[in-house]
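Residue numbers (our numbering): 7 to 268.
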């Protein structure tokens, strides 16, 4: 049975409308339209239902689980829940612009309460990043989408440069992009310029999402054989399709038959 909740907020000052649907055991979060912002299997709230949320963790092919991580844009909390459950050494801060999104994530999408490894804050993501100390975090995830796309302040060269400066020596900025967005190439060019070409794009096999990984330092152009070995270990450990991620990296990134260039 498909249902939509009453809208959580439609006030002009909030600039967001939240709808929730549920069908075949999958609960979905929508921001004022049919596009799915987040999805949860009610019987397994920590499962990463959407392909792009699984692709995000492709960064683990290159770096160890982060000690400090920042997520900009909470949605239903799928990414935050998985990190909290599966990366016990990671301390995660989440910054979400709309307090009502946080309330819905906690009341309807099983986002756990704050503890020593999870802090969820209502606020502006760009302002939060600007206040961090240089080198303060190992991972920044940018997943702040509205019904109309990425907010411009979160996709500017200046913001990407600020993120770069806040990353630790082997840190990574992960940005959720839409491959069909007319600004997709512009965003990738900005990231590549700010990070001196240390950029990889991993397309999701569901819909049109592309995860862009921008690295603070080069990754020594890893051999495909080594990436495949690491992918097998990660798949066994985390249950995500890391071997597929390795295969898909060849679709959008410079490489030869032996190495991925980054």
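Yeah, the Cβ is synthetic: ideal placement off N, Cα and C, and Gly gets one too. Since this is a predicted model, take the numbers as computed values, not measurements.
Here residue 262 is exposed. Its C-beta has fewer than 16 other C-beta atoms within 10 Å. Rounded to the nearest whole angstrom, the CA to CA distance from residue 24 to residue 52 is 21 angstroms. Residue 151 sits away from residue 245, with the two beta carbons spaced by 9 angstroms or more.
For residue 87, the uninterrupted alpha helix (DSSP H) segment begins and ends at 84-92.
Here the C-alpha atom of residue 181 lies approximately 7 angstroms from the C-alpha atom of residue 219. Contact between residue 66 and residue 98 does not hold, since the beta-carbon distance rounds to 15 angstroms and is not under 8 angstroms.
Here the segment 83-103 makes contact with the segment 117-137; the two share three or more CB pairs at distances below 8 angstroms. The criterion of a C-beta distance shorter than 9 angstroms is not satisfied by residue 248 and residue 221. For the set 64, 259, 238 and 83, the Cα lying nearest the Cα of residue 198 is the one of 259. DSSP, reduced to helix, strand and coil, places residue 43 within a strand of the structure shown. Sequence-distant partners of residue 236 (beyond 5 residues in either direction) whose C-beta falls short of 8 angstroms from its own C-beta, in its chain, are 67 and 248. The alpha-carbon of residue 38 is positioned some 36 angstroms away from that of residue 203. With a cutoff of 9 angstroms on beta-carbon distance, residue 64 and residue 208 are scored as near each other. Distance from the CA of residue 106 to the CA of residue 268, rounded to the nearest whole angstrom, comes to 40 angstroms. Cβ-Cβ distances below 8 angstroms link residue 196 to 161, 162, 163 and 166 in the same chain, with the five nearest sequence neighbours on each side left out; the list follows chain order.
Excluding its 5 nearest sequence neighbours in each direction, residue 75 has C-beta neighbours in its own chain below 6 angstroms: 96, 98 and 145, listed in chain order. Under a 10 Å Cβ-count criterion, residue 72 is classified as buried, with 16 or more other Cβ atoms of the shown protein chains found around its own Cβ. The C-beta of residue 91 has fewer than 16 other C-beta atoms within 10 Å across all chains shown, which makes the residue exposed. Looking at the backbone, the Cα of residue 159 and that of residue 147 are separated by about 15 angstroms. In the three-state reduction of the DSSP assignment, residue 227 falls in the coil class.
When DSSP reads this structure, residue 114 sits in no beta bridge, so it has no partner. A direct Cα-to-Cα measurement between residue 216 and residue 184 gives close to 6 angstroms.
Here residue 31 is exposed: its Cβ has fewer than 16 other Cβ atoms, across all protein chains shown, within 10 Å.
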